[in-house]
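Below you'll find the structure, written out as C-alpha cells, and then a few comments.
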Amino acid sequence: MGWNRFFPAILWVKLTFQIYCLYTFATYLGISKVIADRMQQIKPFHVMELLMRARELEAQGHSIIHMEVGEPDFTTPEPIIQAGHQALDDGRTHYTPAMGLPELRQAIAAQYNRRFGLDIDHSRVVVTPGASGALQLLLSVLINPGDGVLLADPGYPCNRNFVHMVGGEPQVVDVGPDTDYQLSASLIERNWSSNTKAVMVASPSNPTGTMLSRQQLLEINRIVEQRGGVLIVDEIYQGLVYEAEEHSALEISDRVFVINSFSKYFGMTGWRLGWLVAPQGTIGPLDRLAQNIFLCAPTLSQYAALAAFSDECIGILEQRKAIFKQRRDYLMPALEDLGFRFQTKPQGAFYLYGDCSRHTNDSTAFAHALLEQMGVAVTPGMDFGANAPEKHLRFAYTTDIELLREGVSRIKQFVGR
Ligand SMILES: Cc1ncc(COP(=O)(O)O)c(C=O)c1O
247 MGWNRFFPAI LWVKLTFQIY CLYTFATYLG ISKVIADRMQ QIKPFHVMEL
297 LMRARELEAQ GHSIIHMEVG EPDFTTPEPI IQAGHQALDD GRTHYTPAMG
347 LPELRQAIAA QYNRRFGLDI DHSRVVVTPG ASGALQLLLS VLINPGDGVL
397 LADPGYPCNR NFVHMVGGEP QVVDVGPDTD YQLSASLIER NWSSNTKAVM
447 VASPSNPTGT MLSRQQLLEI NRIVEQRGGV LIVDEIYQGL VYEAEEHSAL
497 EISDRVFVIN SFSKYFGMTG WRLGWLVAPQ GTIGPLDRLA QNIFLCAPTL
547 SQYAALAAFS DECIGILEQR KAIFKQRRDY LMPALEDLGF RFQTKPQGAF
597 YLYGDCSRHT NDSTAFAHAL LEQMGVAVTP GMDFGANAPE KHLRFAYTTD
647 IELLREGVSR IKQFVGR
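In our numbering, the protein residues as written are 247 to 663.
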C-alpha cells in the first residue's frame with residue numbers, strides 16, 4: 247500500500263492531534279481545573295470519533311458501509327412502538343417507582359421462567375436506564391475506593407471507566423483463544439489480589455461474541471465465592487445466540503448479579519432501558535441509590551417494553567436473530583478469505599473480533615485509512631483494551647447482508663493494493 251493513499255487519514259489524524267494539543271494547552275492554562283481528577287482515568291470511546299467521521303463523510307455524499315456500530319440496524323419492533331404510542335396517549339408521563347413499574351419487573355421475572363425455568367421473585371428485578379445505568383448503579387453500591395474488579399481484556403471498554411468512576415481499581419486480565427476470550431476460573435484464581443472484590447464477565451461478550459458455558463460459569467462462581475467476592479455477569483446479548491445452548495448465570499446461583507438490557511435483542515437502544523437481577527438482601531441499597539441518581543428509568547420506555555415479551559414481538563425478534571446468524575455465517579468466512587483470522591467462532595452478539603496482523607500492525611491507522619479511502623467503517627482494537635489492540639479489528643454485522651457484501655468487496659480492494 248502506498249503511503250500517499252493514507253494521506254486523507256493522516257490529515258485527519260493530524261487535525262485530531264492539533265485539537266488534542268489545543269486542549270492540552272488549555273488545560274495547562276488552568277481552564278479545566280474545574281474538572282475532577284478522576285476524569286483523567288476516563289478514556290473516550292474511540293469508535294465514536296470514527297462514527298462521527300463516517301457521518302461527516304456521509305453528509306458530504308460519500309457512500310459508507312457501517313460495520314462499526316454496536317446496535318441493531320432494525321428499528322424497534324412495531325408492537326413495542328405501538329405500546330409506546332399508547333402510553334403517550336394515556337398520559338404516562340410521570341415518574342414510576344425507582345425500581346421500575348411493578349408489571350414490568352413481573353414481566354422480566356416471568357421471562358426467566360419461560361426461557362430458563364427459573365423462579366425469580368420480581369422484587370429482585372431492578373429496572374434501569376440501560377444496562378449502562380445498571381452497571382453504574384451496581385458498581386456504586388458494591389465497590390469501595392481501592393477495591394479491585396477483575397475484567398477481561400479485550401472487553402467492553404465502559405466497564406473499566408465505571409470502576410474508575412467509583413474509585414475502584416480495574417484489574418485487567420489478558421484473555422485469548424485458549425479460553426474463548428473469556429475469564430476462566432484458573433485465570434481468576436491466578437489474578438486474584440488482596441484487594442479484589444468483584445469479577446465482571448459478559449456472555450456473549452463484546453467485542454468477541456464468545457460465551458461462557460454453564461460449567462464454566464459454575465467454576466467461575468465457585469472460585470469467586472471461595473474468595474468471598476462478588477460475581478457480575480453481563481447478559482446484555484442474551485437472545486442473540488446462534489448455536490450454543492443459552493444459559494443465564496441465575497441458573498447457577500441466586501447470589502450472582504446479572505445485568506441485562508432491552509437494547510440489543512429487543513432492538514431498543516435509544517429507549518435507554520435495561521435491568522439488573524440482584525440477590526434479595528441487596529435490593530434496599532440499590533433502591534436507595536437509584537432513587538437518588540435516576541429517580542426512575544424512562545417511563546414511556548417502561549410501558550413500551552411491556553409489549554416486548556408478547557408472542558408477536560418475540561416472533562419478530564426471532565426472525566431478526568436468524569438474519570444476524572445469516573450475516574455472521576457470510577461475513578466470517580468472507581473476511582477469512584481476505585486474510586483476517588478468527589481463532590474462535592463467535593456464538594453470539596453481532597461482532598467478529600479479527601486478527602488483522604497479516605495486513606497491518608496498526609489497526610487504528612488501518613481503520614481510519616479504510617474509512618477515508620473505501621468508505622468502510624470498522625472499530626479498531628484500541629477501544630477494547632491493551633491486549634494487542636493494534637492487531638485487532640471489530641467487525642459488527644449490524645448492516646444488511648448486501649451492504650456487508652459491498653463492504654467485503656471494498657476491503658478486498660483495499661488490502662489488495
Ligand atoms: C457488553 C455490554 N454491556 C453493556 C452495554 C450497554 O448497553 P445499554 O446501556 O444500551 O443497555 C453494552 C453496549 O454496547 C455492551 O456491549
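Glycine included, C-beta positions come from ideal geometry on N, C-alpha and C.
Our two residues, Phe-555 and Leu-383, have alpha carbons roughly 25 Å apart in a direct line. Counting other Cβ atoms within 10 Å of its Cβ, Val-504 reaches 16 or more and is therefore classed as buried.
Across the set Glu-471, Phe-512, Val-387, Phe-408, the C-alpha of Val-387 shows the shortest separation from the C-alpha of Ile-529. In the DSSP annotation of this structure, the continuous segment of the beta strand (DSSP E) that includes Ile-478 starts and ends at 476 to 480.
Taken from the Cβ of Gly-455, every heavy atom of ligand 1 lies 7 Å or farther away. In this chain, Phe-570 is not harboured by any beta strand (DSSP E); it is covered by the alpha helix (DSSP H) spanning 557 to 583.
Between ligand 1 and Gly-363, a heavy atom-to-CB distance of less than 7 Å is absent. Tyr-341 counts as exposed, since fewer than 16 other C-beta atoms from the protein chains shown sit within 10 angstroms of its C-beta. In this structure Met-457 is in contact with Val-487, their Cβ atoms being roughly 7 Å apart against a cut-off of 8 Å. In this structure, the beta-carbon distance from His-312 to Thr-645 falls below 8 Å. Set against 7 Å, the gap from the CB of Tyr-576 to the closest heavy atom of ligand 1 is not smaller. Counting only the Cα atoms, Asp-608 lies some 15 Å from Phe-630. Secondary structure of Ser-369 (DSSP, three-state): helix. Counting C-beta pairs closer than 8 Å gives fewer than three between the segment 565 to 581 and the segment 391 to 405, which falls short of the contact rule.
Contact fails between the segment 576 to 587 and the segment 470 to 488, because fewer than three Cβ pairs, one in each stretch, are under 8 Å apart. Per DSSP, reduced to three states, the secondary structure at Glu-648 is helical. Here the segment 282 to 295 does not lie against the segment 589 to 603, with fewer than 3 beta-carbon pairs under 8 Å apart. Leu-464 and Arg-361 have their C-alpha atoms roughly 19 Å apart. For a cut-off of 8 Å, the C-beta gap from Ala-613 to Leu-261 is around 16 Å, too long to register as a contact. Separation of Met-411 and Gly-662 (C-alpha to C-alpha, rounded to the nearest whole angstrom) is 44 Å. Cβ-Cβ separation between Pro-450 and Gly-594: approximately 3 Å, consistent with a contact (criterion under 8 Å). Annotation: Arg-640 is outside any alpha helix (DSSP H); the continuous beta strand (DSSP E) that includes it extends over 638 to 642. In this structure, the CA atom of Glu-489 is about 32 Å from the CA atom of Gly-621. Inter-segment contact for the segment 349 to 367 and the segment 413 to 428 is absent: fewer than three beta-carbon pairs are separated by less than 8 Å. Inter-residue distance for Ala-377 and Leu-433 is about 26 Å (C-alpha atoms, whole angstroms). For Thr-610, there is no enclosing beta strand (DSSP E); the enclosing alpha helix (DSSP H) has its first and last residue at 609 to 620.
Exposed is the label assigned to His-331, since fewer than 16 other Cβ atoms lie within 10 Å of its Cβ. The segment 385 to 410 contains, as complete beta strand (DSSP E) runs of 3+ residues, the segments 394 to 399 (chain order). Around the beta carbon of Ile-539, a 10 Å sphere encloses fewer than 16 other beta carbons of the protein chains shown; the residue is thus reported as exposed.
When the Cα atoms are used, Val-447 and Ala-536 turn out to be separated by approximately 23 Å. Judged by the Cβ position, Ile-466 fails to qualify as a neighbour of ligand 1 at the 7 Å threshold, every heavy atom of the ligand being at least this far. The C-beta separation of Leu-519 from Ala-553 comes to about 12 Å, leaving the pair out of contact by the 8 Å criterion. Close CB contacts of Ile-326 within its chain, under the 6 Å cut and outside five residues either way in sequence, are with Ala-550, Ala-553, Ala-554 (chain order).
Assigned with DSSP and collapsed to three states, Val-502 falls in coil, not helix or strand. Of the residues assessed, Gln-461 falls on the exposed side of the cut-off, its CB having fewer than 16 other CB atoms within 10 angstroms. Look at Met-446 here: in three-state DSSP terms it is strand.
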